[in-house]
Amino acid sequence: MKDLAHSLVCDQTSRFDLAHQDSRRRFVKLSVAAMGLAAMPGSIAFAANMLKTPAAVGLQLYTLRDMMAVSVPATLKLVAAVGYKELEFAGYFDHKASEVKTILHNEGLTAPSAHIGLTEFDKGVNQVIDHALEVGHQYLVIPYLTEEQRGTGIDVYKKLAERCNVIGEACNKAGLKLAYHNHAFEFEIRNGQLPYDVLLNETDKDLMAMEMDLFWMFKAKQDPIAYFKQHPGRFKLWHVKDMDEAGNFADVGTGTIDFAPIFAQSQLSGVEHRFVERDKTDDKLQTIQQGYKAMSALLA
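Right, here's the structure in full:
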């Protein structure tokens, strides 16, 4: 298995120049380490086989974006070895839909969701939909608005809501669902209104779901459960991301966010898929192992 992991990484990374050698070496070490997880009785992977959870544990691949840029197959092999079953993509790194689908199948993974920027929809909604259907996605998520896209005033978000209804209708016709992922800027008051509330109230609930990022909700001093009560069933996707005492990112289960009361309201939320994420981490393998362990406990 170690030879296989090393071979996968080397085959995929041979085109990189000398400036990337250190990152390649670190990635090879992570990949080889992951291959040992499945064979170790005390490993996370072994624990996953023994632990019964009512829902799959997912991972947002933005957490491993540097590794994905080096080798998609080796990264997904690592993720599967840790025990994850569901993925949310944040870019395909020059891989065709058919290639991604094959890799997922080979590793026993599914990808119910993907982040798709507004600019990608601008290039052609049908093209985005066709790619998503071939990979096997169920949700297409608008992940972020640039400062230019945010503009000024509340009318920007009213127009965005109209646009999301149009995109959402096209997705629905194809058997897909549109969703919107929040940060903290949607909770900055504009013209006496919260942009997040505008997006919730002025999009059809059947045309756009919400992907709640729990870290950014707490960063904006918002109560997730209060939103579940106001809009039951609307929050089909979650990003499970922790916060340290300084307000920065932390591995899930090691920070200050009390996830248990939130997970207890899963039915009210309507959540179908939950994804571990950490935007910035110095130890990617530790982050995804800890995230898997913590999420598994919350779902037990």
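First residue of the sequence shown: 1, per the UniProt record's numbering; consecutive thereafter.
Each residue gets a CB set at the ideal place from its N, CA and C atoms; glycine is no exception.
Determine the closest residue to residue i out of the options, with distance taken between C-alpha atoms.
i           : options                        : result
Ala56       : Asp279, Pro261, Leu237         : Leu237
Thr256      : Asp155, Ile262, Glu245, Leu214 : Glu245
residue 308 : Asn182, Ala170, Glu99          : Residue 308 is absent from the model: the chain starts at 1 and stops at 300.
Asp66       : Lys284, Ala300, Gln289         : Lys284
Ser296      : Asp282, Val166, Val252         : Val252
Arg163      : Ala174, Gln149, Gly153         : Gln149
Lys229      : Phe259, Asp258, Gln265, Ala220 : Gln265
Lys159      : Thr203, Leu214, Asp130         : Thr203
Leu194      : Thr281, Tyr227, Leu298         : Tyr227
Gln60       : Leu298, Lys280, Phe263, Leu299 : Lys280
residue 302 : Leu298, Ala300, Gly233, Ile288 : The structure shown does not extend to residue 302, since the chain spans only 1 to 300, so no value can be given for it.
Leu64       : Thr287, Thr146, Trp216, Ala97  : Thr287
To the nearest whole angstrom, what separates the beta carbons of residue i and residue j, a pair I think is in contact under 8 angstroms?
i      : j      : result
Ala111 : Phe89  : 6 angstroms
Phe185 : Val240 : 21 angstroms between Cβ atoms; not a contact.
Leu199 : Tyr157 : 6 angstroms
Ser269 : Phe218 : Not quite, the Cβ-Cβ distance comes to about 16 angstroms (not below 8 angstroms), so this is no contact.
Val100 : Val135 : 5 angstroms
Tyr84  : Gly124 : Rounded, the Cβ-Cβ distance is 31 angstroms, inconsistent with contact.
Tyr62  : Glu277 : 6 angstroms
His231 : Glu86  : In fact, because the Cβ distance is near 24 angstroms, the residues do not count as touching under 8 angstroms.
For residue i, which three-state DSSP category applies?
i      : result
Asp204 : coil
Ile154 : coil
Met40  : Residue placement at Met40 cannot be trusted, given a pLDDT of 46 that sits under 50; what the coordinates show is reported in the next sentence. Residue state, collapsed to three classes: coil.
Asp94  : coil
Lys123 : helix
Lys177 : strand
Ser296 : helix
Thr13  : With a pLDDT of 40 at Thr13, under the threshold of 50, the predicted position of this residue should be treated as unreliable, and no value is reported.
Ala184 : coil
Tyr196 : helix
Thr146 : coil
Leu87  : strand
Residues in the same chain with beta-carbon distance under 6 angstroms from residue i, minus the five sequence neighbours each way, listed in chain order, please.
i      : result
Gly91  : none
Gly247 : none
Ala174 : Ile129
Which same chain residues, not among the five before or five after residue i, have their C-beta less than 7 angstroms away from its C-beta?
i      : result
Tyr196 : Asn182, Glu186, Phe187
Ile103 : Val72, Pro73, Leu76
Glu169 : Leu207
Val128 : Ile116, Glu120, Phe121, Leu140
Ala132 : Ala114, Leu140, Leu176
Ala250 : Asp242, Met243, Asp244
His95  : Val72
Arg190 : Gly153, Ile154
Ala161 : Val198, Leu199, Glu202, Thr203
Gly42  : Reliability fails at Gly42, whose pLDDT of 42 lies under 50, so the model's placement of it is uncertain and no value is given.
Lys171 : Checking the sequence shown, residue 171 turns out to be Cys, not Lys. So the list reads Ile129, Leu140, Lys177, Leu178, once near-sequence residues are dropped.
Only counting the same chain, and skipping five residues up and downstream in sequence, which positions put a Cβ closer than 8 angstroms to that of residue i?
i      : result
Leu214 : Pro224, Trp238, His239, Val240, Lys241, Ile257, Phe259, Ile262
Legend entry - Start-end ranges of the alpha helix (DSSP H) lying completely within the segment 216–292, minimum 4 residues: 224–230, 260–263, 266–269
Inset, instruction - Could you tell me which uninterrupted beta strand (DSSP E) segments, each at least 3 residues in length, are contained entirely in the segment 53–77, listed from first to last along the chain? - result: 58–60
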